[in-house]
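Input: a single structure, listed below in structure tokens.
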Amino acid sequence: ALLRAGMTTGGLLLAAVLVSFGLNYGTTGAGFPEPVAEALKSDRQALLMSDAFRSFLFAGLAFGALWVYLRKNLSPMLAIVPIGVLILADVGGISKRFISEEDWLEPKQTEQFIAPTEVDLQIMKDPDLDYRVADFRRGAPWNNAFTGYHHKSVGGYHAAKLMRYQEIIEKYLGDPNANAHLYGMLNAKYFIFKNGDQEQAAPNEQALGNAWFVRSYEILPNADAEFLALKDLRPGEKAIFDQKYAQGLEGFDLRFDSTATIRLTSYHPDRMVYESNANAEQLAVFSEIYYPEEKGWKLLVDGERTPILKANYLLRAARIPAGKHEIQMIFEPKSFYTGETITLIGSWLVVAFFAAGLFFYFKNHSPADPFNLPAKAPAPKTPKPAAKTSRSRKKKG
């Protein structure tokens, strides 16, 4: 069986080598110059041949180890050890093609790339609990991740942006001078620019903070109208709503209180706490991206659930009653807690089944009492002689 397996493996490898001679290694349609295309073709063929002979070598060595083990009737370890070494050598050799020793960096080497500059240190002294930075030192803020190491970046932390955020990036945020008001409603408190070797942090005078009360609001017919209205919007004074998401504003007569305040008192990505104080019911806009409430976000005013509205195309808003209140914005996705409960129940069931298995095992295989052992071992029972069959009786008769 081992010989047949070895012959089959060798035949397949030989067939792969023979087939490789008929493959097309060219770069048709790639637009490379002919010398480059020929070099690529030669390299590709050489790589395939090299891997084929490498496979022959490892397969042959593994076959030899198994053959010696079976023919010489040796200990299994004498076959397991060399085959294990071959596996490690094979996997290690392939891994080094992608990650070599040169790819590893000491912590000191990585720190030099992310060490804070004087501008970073200056911004980090800001005592505010939560604000964002638009860093243009390495291009657009949404195309680099360096900012996120020291600051909360207005560009986010993932290359794939939410569709509405991506639309605002492409339409408006490319020009921070013309659209500083939109950076302001996104709580971008600082801009960082680089002029030659000089870095400069410029505060955004139109930054609105974490939350604010608006003087008025307008309901627009659709999302397109809402999106286009952002260009001339003064977000600190007015909020705009798509009619589709304006159900929570029915019958709302906004009377702006110039003395009203709202501020962030505690920040965590999953739980933000605000304090508000107003003489009349106000409309608050929060510098947080809107998600449907069924996705997990909920707003509590003094512990009572309050609807989250969708304002300014992508932000959250809410009606805040008169008086002094504690506002909590909490992320509690139902799917997470349902999964957590199922996982907990499953874990306890596994423990219960394991404990039950141990209980019944020891119940049916109770160990001998070491303090009450018999003086002598019981004599082995002698087997009874087999009964004679009817055929043997007939022969005797």
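Residue numbers (our numbering): 17 to 413. Using N, Cα and C, we set each Cβ at its ideal position, and we do this for glycine too.
Cutting at 6 Å between CB atoms, please list the residues of its own chain near residue 234, excluding the five before and the five after it.
Excluding positions up to five away in sequence, the list reads 256.
Determine the DSSP secondary structure at residue 284, reduced to helix, strand or coil.
Three-state result, residue 284: strand.
Quick check on the DSSP output: what are the complete beta strand (DSSP E) runs of length 3 or more inside the segment 229-260, in order along the chain?
Counting whole runs of 3 or more residues, the segment 229-260 contains the beta strand (DSSP E) stretches 232-236 and 254-258.
In chain order, what residues of the same chain have a beta carbon less than 7 Å from the beta carbon of residue 338, not counting five sequence neighbours either side?
Closer than 7 Å at the Cβ level, and outside the excluded window around residue 338, lie 294, 295, 296 and 297.
Per DSSP, which one or two residues make a beta bridge with residue 169?
According to DSSP, which records beta bridges pairwise, residue 169 is partnered with 149.
Taking the CB atoms as reference points, tell me whether residue 313 and residue 369 lie closer together than 7 Å.
Their beta carbons are not under 7 Å apart, which means residue 313 does not touch residue 369 by this criterion.
The alpha helix (DSSP H) spanning residue 85 covers which residue range?
Taken as a continuous stretch (DSSP letters only), the alpha helix (DSSP H) holding residue 85 covers 50-88.
Mapping the DSSP letters down to three states, classify residue 116 as helix, strand or coil.
Note: residue 116 maps to coil in three-state DSSP.
Under 8 Å, with one C-beta from each stretch per pair, do the segment 348-362 and the segment 263-276 reach the 3-pair mark?
No, the segment 348-362 is not in contact with the segment 263-276.
Looking only at its chain, what residues have a beta carbon closer than 8 Å to the beta carbon of residue 271, apart from the 5 residues adjacent to it on each side?
Only 296 and 297 meet the Cβ criterion.
To the nearest angstrom, how far is it from the Cα of residue 236 to the Cα of residue 189?
Distance between the alpha carbons of residue 236 and residue 189: 22 Å.
If you draw a straight line from the C-alpha of residue 325 to the C-alpha of residue 245, how long is it?
So the alpha carbons of these two residues sit roughly 18 Å apart.
By the 10 Å Cβ neighbour count, where 16 or more other Cβ atoms means buried, how is residue 301 classified, buried or exposed?
Under this definition residue 301 is a buried residue.
Measuring only the C-alpha atoms, how far is residue 178 from residue 164?
Cα to Cα, the separation comes out at about 18 Å.
Got a sec? Which residues, its chain only, sit under 6 Å from residue 344 by beta carbon, not counting five neighbours each side?
The residues are 289 and 316.
Under the rule that 16 or more other beta-carbon atoms within 10 Å means buried, what is residue 205, buried or exposed?
So residue 205 ends up on the buried side.
Use the C-beta contact count for residue 158: other C-beta atoms within 10 angstroms, 16 or more gives buried, fewer gives exposed.
Answer is buried; the Cβ neighbour count reaches 16.
Among residues of its own chain, excluding the 5 on either side of residue 307, which ones have a beta-carbon nearer than 6 Å to its beta-carbon?
313, listed in sequence order.
I need the DSSP call for residue 307, collapsed to helix, strand or coil.
It is coil, neither helix nor strand.
Quick one: complete beta strand (DSSP E) runs, 3+ long, within the segment 180-234?
Counting only runs of 3 or more, we get 204-211, 214-219 and 227-229.
Residue 110 by DSSP, collapsed to three states: which one?
Correct three-state label for residue 110: helix.
DSSP state of residue 274, grouped into three classes?
In the structure shown, residue 274 sits in coil (DSSP, three-state: anything other than H, G, I, E or B).
Can you check DSSP and say which residues form a bridge with residue 302?
Residue 302 pairs with 227 and 332.
Out of curiosity, what's the CA-to-CA distance linking residue 291 and residue 358?
Distance between the alpha carbons of residue 291 and residue 358: 36 Å.
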